[in-house]
Amino acid sequence: MSSIPNTPASTGANAPMKNGIYTVESEASESSGAEGGRALQVERHDYVDLAPTKRERAYPMEGFDDIYTDIVDYIVRCTHLIWDERDIGLIYSHYTHNCVLYGTMGTIYDRESIVRDTIQRLVSFPERRGMATQVLWKGDDKKGFYTSHLVTGSGRHTQNGHFGPATGRTFVSRTIADCMIYRNRIYREWVVADNMAIIKQLGLDPHKLAEETAKSLFDKRVENIDIGENRRLLGQQPPEEEAETSIASNEIEIKTLKWLHEVFNRRMFGGIKKVYAANAQYHGPNMVELYGAASVLHQHLALLGSIPDAAYMPQHICSNPCDEGGVKVAVRWIMEGHHLGYGILSELGKPTGIRLQVMGMTHYHYKNGFIVDEWTVYDELSLLTQIKLSQMYEGAKEI
0 MSSIPNTPAS TGANAPMKNG IYTVESEASE SSGAEGGRAL QVERHDYVDL
50 APTKRERAYP MEGFDDIYTD IVDYIVRCTH LIWDERDIGL IYSHYTHNCV
100 LYGTMGTIYD RESIVRDTIQ RLVSFPERRG MATQVLWKGD DKKGFYTSHL
150 VTGSGRHTQN GHFGPATGRT FVSRTIADCM IYRNRIYREW VVADNMAIIK
200 QLGLDPHKLA EETAKSLFDK RVENIDIGEN RRLLGQQPPE EEAETSIASN
250 EIEIKTLKWL HEVFNRRMFG GIKKVYAANA QYHGPNMVEL YGAASVLHQH
300 LALLGSIPDA AYMPQHICSN PCDEGGVKVA VRWIMEGHHL GYGILSELGK
350 PTGIRLQVMG MTHYHYKNGF IVDEWTVYDE LSLLTQIKLS QMYEGAKEI
């Protein structure tokens, strides 16, 4: 299994590289315990294997409930207990009282609100099953853990709820939840759920739902604040030559941040073919499944087409060697700009000039120096809501 160490085993001409990335055998990684144990990996296992009853603790987990054998077990098992087994009350022992949850539709600032929100979602979709696709992570039990949990959720809309009257239709969508965890409790969380995918599969009107959500925010005097320029360009100068890489902790993370900056901020989209394998797969919003580097380029170029002045800002990055081979990398990012053009965000309609903030998360799978899989999640429904909210404020000014 090849991986990317913090420093290459050798340098200069003797350092094995592919596509500008060192590909040497890893002697240790954050997937390995201090005493040689290994954290579970989700991809090739059934749930019963991911939540074992007799597995000894494989990684130091001081302060965590005895049932959890490593941080991946913690995330997968407690998510299943809360959402599938309906032990919602575990939130009281797994979240701090003042936990902050950042979502695409707003922010929650306390544990009790998380409990109520969980109940509401289970009322609407009691048959939904959230299946762990992969969990990437970093940290330890002393400093705290950071996890990035990609979930594929499927179910049926059988009950009246926050999406309106039951339709009886089935759906499948992707969600990524990033958590900061210390001694068994999540104290900060970011959740990006592809609500637009669900809305379309249920046959609902996204404009009606966005209007209702925007009205609720408008009544609370929540504003879509336009800060003007996003500083991707400093005055009349071109974009920065170098990427900001201070959040990276190893070489593959640095390489990832560099090519992301080159593509999204410097608009060098041709670089995509240099980092993606010819047989790459793209798993995108609205459950899009595409193949090849040209498809990846199309999706990312079209996103910028809708927000052509956008700045891409990575917020967090982590990586783990993968049992399937290679390395997987998780990036949490923000893209800010204005709705000035046409592109992939077709539900937004004609350009409005309204400021938009895209909260997104992406998992990449590198093999032999190239990306073979990309999973990207952002929510077009939240962007439509931002437009509706700004239009409400503009309308109020005219009265």
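Numbered by numbering that gives the first Met the number 0, the letters in the sequence shown go through residues 0 to 398 in order.
Cβ atoms here follow ideal geometry from the backbone N, Cα and C, with glycine treated the same way.
Any non-hydrogen atom of the ligand FAD within 7 Å of residue i CB
{"i": "Pro320", "result": "Of the ligands one can find in the structure shown there are none, so the ligand FAD has no counterpart to examine."}
CA-to-CA distance, residue j to residue i, given in whole angstroms
{"i": "Glu335", "j": "Pro51", "result": "42 Å"}
{"i": "Ser28", "j": "Asn249", "result": "The predicted model places Ser28 with a pLDDT of 40, which falls under 50 and marks its position as unreliable; any figure quoted below should be read in that light. So the two alpha carbons sit approximately 11 Å from each other."}
{"i": "Ile70", "j": "Met60", "result": "8 Å"}
{"i": "Ile175", "j": "Leu233", "result": "32 Å"}
{"i": "Asp65", "j": "Tyr181", "result": "15 Å"}
{"i": "Pro408", "j": "Ile306", "result": "Here the chain covers residues 0 to 398 and nothing more, so residue 408 does not appear."}
{"i": "Tyr21", "j": "Met360", "result": "Its pLDDT being 37, under 50, Tyr21 is placed unreliably by the model, and the measurement read from it follows with that caveat. Whole-angstrom Cα-Cα distance: 25 Å."}
{"i": "Phe63", "j": "Gly167", "result": "40 Å"}
{"i": "Tyr275", "j": "Asp109", "result": "41 Å"}
{"i": "Asp193", "j": "Lys142", "result": "31 Å"}
{"i": "Leu339", "j": "Leu303", "result": "10 Å"}
{"i": "Tyr67", "j": "Pro313", "result": "31 Å"}
{"i": "Lys272", "j": "Pro350", "result": "29 Å"}
{"i": "Cys317", "j": "Ala329", "result": "5 Å"}
{"i": "Glu126", "j": "Thr146", "result": "26 Å"}
{"i": "Trp189", "j": "Cys178", "result": "7 Å"}
{"i": "Leu216", "j": "Ser153", "result": "28 Å"}
{"i": "Ile90", "j": "Ile74", "result": "12 Å"}
{"i": "Ile370", "j": "Ser294", "result": "13 Å"}
{"i": "Gly35", "j": "Ala57", "result": "For Gly35, the predicted structure reports a pLDDT of 37, less than 50, and the residue's modelled location is therefore unreliable. A value from the coordinates is still provided. Distance between the alpha carbons of Gly35 and Ala57 is about 8 Å."}
{"i": "Val357", "j": "Leu135", "result": "22 Å"}
{"i": "Lys137", "j": "Thr375", "result": "20 Å"}
{"i": "Arg265", "j": "Glu393", "result": "33 Å"}
{"i": "Lys366", "j": "Tyr281", "result": "15 Å"}
{"i": "Phe144", "j": "Gly88", "result": "22 Å"}
{"i": "Ala309", "j": "Arg230", "result": "10 Å"}
{"i": "Thr384", "j": "Arg220", "result": "14 Å"}
{"i": "Gln235", "j": "Ile253", "result": "28 Å"}
DSSP three-state assignment for residue i, whether helix, strand or coil
{"i": "Leu201", "result": "coil"}
{"i": "Met360", "result": "strand"}
{"i": "Asp378", "result": "coil"}
{"i": "Leu434", "result": "For residue 434 there is no data in the structure shown, the boundaries of the chain being 0 and 398."}
{"i": "Gln390", "result": "helix"}
{"i": "His156", "result": "coil"}
{"i": "Ile70", "result": "helix"}
{"i": "Glu250", "result": "helix"}
{"i": "Asp372", "result": "strand"}
{"i": "Glu240", "result": "coil"}
{"i": "Gly304", "result": "helix"}
{"i": "Thr212", "result": "helix"}
{"i": "Gly234", "result": "coil"}
{"i": "Lys273", "result": "helix"}
{"i": "Tyr365", "result": "strand"}
{"i": "Ser402", "result": "A question about residue 402 goes unanswered here, because the residues of the chain that appear run from 0 up to 398."}
{"i": "Arg182", "result": "coil"}
{"i": "Arg43", "result": "coil"}
{"i": "Tyr108", "result": "coil"}
{"i": "Arg354", "result": "strand"}
{"i": "Tyr58", "result": "coil"}
{"i": "Ser245", "result": "coil"}
{"i": "Leu229", "result": "Going by the sequence as given, residue 229 is Asn instead of Leu. Three-state DSSP puts Asn229 in coil, outside helix and strand."}
{"i": "Ala395", "result": "helix"}
Test: residue i CB closer than 8 Å to a CB of chain B
{"i": "Ala165", "result": "In the structure shown, chain B does not exist; there is a single protein chain."}
Identified DSSP bridge partners for residue i
{"i": "Trp136", "result": "Thr146"}
{"i": "Asp177", "result": "Ser147 and Trp189"}
{"i": "Trp332", "result": "Pro313 and Gly359"}
{"i": "Val130", "result": "The amino acid at residue 130 is misidentified as Val; the sequence shows Met. Thr151."}
{"i": "Lys207", "result": "Answer is none; Lys207 lacks a bridge partner."}
{"i": "His282", "result": "Glu288 and Trp374"}
{"i": "Ser172", "result": "Gly152"}
{"i": "Gly163", "result": "Gly160"}
{"i": "Lys327", "result": "Asn319 and His364"}
{"i": "His337", "result": "Arg354"}
{"i": "Tyr91", "result": "BP columns for Tyr91 are empty, so no partner."}
Rounded distance between the beta-carbons of residue j and residue i, thought under 8 Å
{"i": "Ala213", "j": "Lys387", "result": "4 Å"}
{"i": "His434", "j": "Ser123", "result": "Since the first and last residues shown for the chain are 0 and 398, residue 434 lies out of range."}
{"i": "Glu373", "j": "Ala292", "result": "Actually they do not touch by this definition, with Cβ atoms about 10 Å apart."}
{"i": "Tyr311", "j": "Phe263", "result": "3 Å"}
{"i": "Trp258", "j": "Gly269", "result": "No, Trp258 and Gly269 are not in contact; Cβ-Cβ is about 11 Å, not under 8 Å."}
{"i": "Val191", "j": "Thr78", "result": "Wrong, their Cβ atoms sit about 15 Å apart, outside the cutoff."}
{"i": "His315", "j": "Gln133", "result": "About 16 Å separates the two Cβ atoms, so there is no contact after all."}
Item to complete: Would you check if there are 3 or more beta carbon pairs closer than 8 Å linking the segment 36-46 to the segment 315-332?
Response: yes
Worksheet item: Counting pairs of beta carbons, one from the segment 333-353 and one from the segment 376-392, are three or more of them closer than 8 Å?
Response: With the cut-off at 8 Å, the segment 333-353 and the segment 376-392 touch.
Fill in: Touching by the beta-carbon criterion (3+ pairs, under 8 Å), the segment 69-89 and the segment 109-117
yes
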